[in-house]
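**Student:** Please find one structure pasted underneath; my questions will follow.
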Amino acid sequence: MSRGGPQLALATAAFTVCFYAWSLLGPLGPDLQDELGLSELQLSAVVSVPVLLGSLMWIPLGWLTDRHGGRAVFTALLAFTPLPLIGLALWHDSLASLLVLGLLLGFAGASFAVGVPFVNRWYPPERQGVALGLYGMGMGGTVLGGLTAPVIADELGLSAPFWVATGLVVVMGAIFIALARDAPAAPSAGPRPGMLASLAVFRSSARAWALTLFYFLAFGGFVAMFLYLPKLLTAVHDLDKTDAGARSAGFALLAVVGRPLGGWISDRLGAERVLTWSFAATALLAILLTVGYEHMVVLTIACLTLGAALGVGTGAVFKLVAAWFPDRVGSVTGVVGAAGGLGGFFPPLVMALVYETTGGYAVGFLLFAVVAASCLLVLRALARPESRVSLGST
715 MSRGGPQLAL ATAAFTVCFY AWSLLGPLGP DLQDELGLSE LQLSAVVSVP
765 VLLGSLMWIP LGWLTDRHGG RAVFTALLAF TPLPLIGLAL WHDSLASLLV
815 LGLLLGFAGA SFAVGVPFVN RWYPPERQGV ALGLYGMGMG GTVLGGLTAP
865 VIADELGLSA PFWVATGLVV VMGAIFIALA RDAPAAPSAG PRPGMLASLA
915 VFRSSARAWA LTLFYFLAFG GFVAMFLYLP KLLTAVHDLD KTDAGARSAG
965 FALLAVVGRP LGGWISDRLG AERVLTWSFA ATALLAILLT VGYEHMVVLT
1015 IACLTLGAAL GVGTGAVFKL VAAWFPDRVG SVTGVVGAAG GLGGFFPPLV
1065 MALVYETTGG YAVGFLLFAV VAASCLLVLR ALARPESRVS LGST
């Protein structure tokens, strides 16, 4: 495993660059809304469409990684991603172009489903939690996007952030193809199953479906909050766009730091216990936001703490994936990640509809609390000894 460290670092850097590109429409949303005169619902659609295709592509890319290895699939992904970025740099002057090119940019968001099995194979089970948590710090690409994209746009225009991201992806792609190596393959008992056969576990395992629900909340909640915070801060608290982007980046930073911490603690105390803490904290903080989001101090404390709770939860979920489905990490990761992506796609649209209907965001945060409480109840049910028998073998 001596080569695992360099490969982990390389995969994390590639994931960071992909997420930087993938997240650009969120921090640039207020600028795009002003330039194009977008409604609340239209803006929510623009910032959410990369999440939609990204979530759908987690499934086939996870399976392809199981079948062909992370080096080949990640390289192909890095080669494709500059295309929608260049398109957005040249044609971001209409809602239609933003939706179509933003949808294609969603491929970059599926990078996580490629990196998880790529990294996982380099480490023994007792170290996979912290290794996958460290890889998950590539979510920090969203932090960089939130901090830099509005500043670059203010100084050089709306095209500039997309050109910068294009350059980063091209350079990263060249480095990755030169240095990345797949872990030595374990002996195979027979031919690899097709994609549908690999996903057959979802027909018989309640554990698999529970993981999708857990990641729908943990990762989906992180993505949704990061994408929508700039709009909430500018609309409710009258912050300028750069300040709103920086504060959103602070939320994302705590989630990024929380992810490896969640994996590390899960290696030692168990992922179920970590998720219990995460879901309980998320429910309580969402209730606090329901009644206090219009107060800046309450909003700041609640959002920063929520970022940490969601980050810890994301690290714990994939410890469970590796533990429960060690021979199908890529395929299961794909479906679980797709659920997380959908968890980031729908909430911004719901928040926009809630705002247009009620004139506020309280109902949206209350729904967030309900989902978190539901996850906690499911987790507690699955933790009972009698429930484990009915789950079936992994």
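Just so you know, we're using my numbering here: the sequence shown kicks off at 715 and counts up by one. Glycine included, each C-beta is placed from N, C-alpha and C at the ideal position.
Hey, would you say E749 sits closer than 7 Å to E1070, going by beta carbons?
**Tutor:** Against a cut-off of 7 Å, the Cβ pair of E1070 and E749 comes out as no contact.
**Student:** Contact between the stretch 756 to 774 and the stretch 733 to 748: three or more CB pairs below 8 Å?
**Tutor:** They touch, by the three-pair rule.
**Student:** May I ask which residues mark the beginning and end of the alpha helix (DSSP H) holding R895?
**Tutor:** Where R895 is concerned, there is no enclosing alpha helix (DSSP H), given that its DSSP letter is neither H nor E.
**Student:** Grouping DSSP H, G and I as helix and E and B as strand, with all else coil, what is L1096?
**Tutor:** Three-state result, L1096: helix.
**Student:** Leaving out five residues before and five after L927 in sequence, what residues of the same chain have Cβ atoms less than 8 Å from its Cβ?
**Tutor:** Cβ neighbours of L927 beyond the five flanking positions: A1053, S1088, C1089, V1092.
**Student:** Any idea if T996 is buried or exposed, counting beta-carbon neighbours within 10 angstroms, 16 or more meaning buried?
**Tutor:** Buried, because 16 or more other Cβ atoms sit within 10 Å of the Cβ of T996.
**Student:** Return yes when the Cβ of G854 is within less than 7 Å of the Cβ of G959, no when it is not.
**Tutor:** Going by C-beta atoms, G959 is not nearer than 7 Å to G854.
**Student:** Count the other CB atoms within 10 Å of the CB of D981; is the residue buried (16 or more) or exposed (fewer)?
**Tutor:** The residue in question, D981, is buried, as its Cβ has 16 or more Cβ neighbours within 10 Å.
**Student:** Tell me whether H1009 is buried or exposed, calling it buried when 16 or more other Cβ atoms sit within 10 Å of its Cβ.
**Tutor:** So H1009 counts as exposed.
**Student:** How big is the Cα-Cα spacing for L925 and I773?
**Tutor:** C-alpha separation (whole angstroms): 14 Å.
**Student:** Report the rounded CA-to-CA distance for T948 versus L1013, giving the unit in angstroms.
**Tutor:** T948 and L1013: Cα-Cα distance of roughly 13 Å.
**Student:** What residue does the alpha helix (DSSP H) around W777 start on, and which one ends it?
**Tutor:** Note, W777: alpha helix (DSSP H), 754 to 782.
**Student:** Decide if T1004 is buried, meaning its Cβ has at least 16 other Cβ atoms within 10 Å, or exposed.
**Tutor:** Buried, by the Cβ-count rule.
**Student:** With distances taken between CB atoms, is the gap from A1086 to L931 smaller than 7 Å?
**Tutor:** Cβ distance < 7 Å, so A1086 and L931 count as in contact.
**Student:** From A725 to M939, what distance separates their C-alpha atoms?
**Tutor:** One C-alpha to the other measures close to 25 Å.
**Student:** For L1063 and L815, I'd like the C-alpha separation in whole angstroms.
**Tutor:** L1063 and L815: Cα-Cα distance of roughly 19 Å.
**Student:** Taking V988 and V1026 to be in contact with their CB atoms under 8 Å, please state how far apart those CB atoms are, rounded to whole angstroms.
**Tutor:** Right, the Cβ-Cβ distance comes to about 6 Å (below 8 Å), so this counts as a contact.
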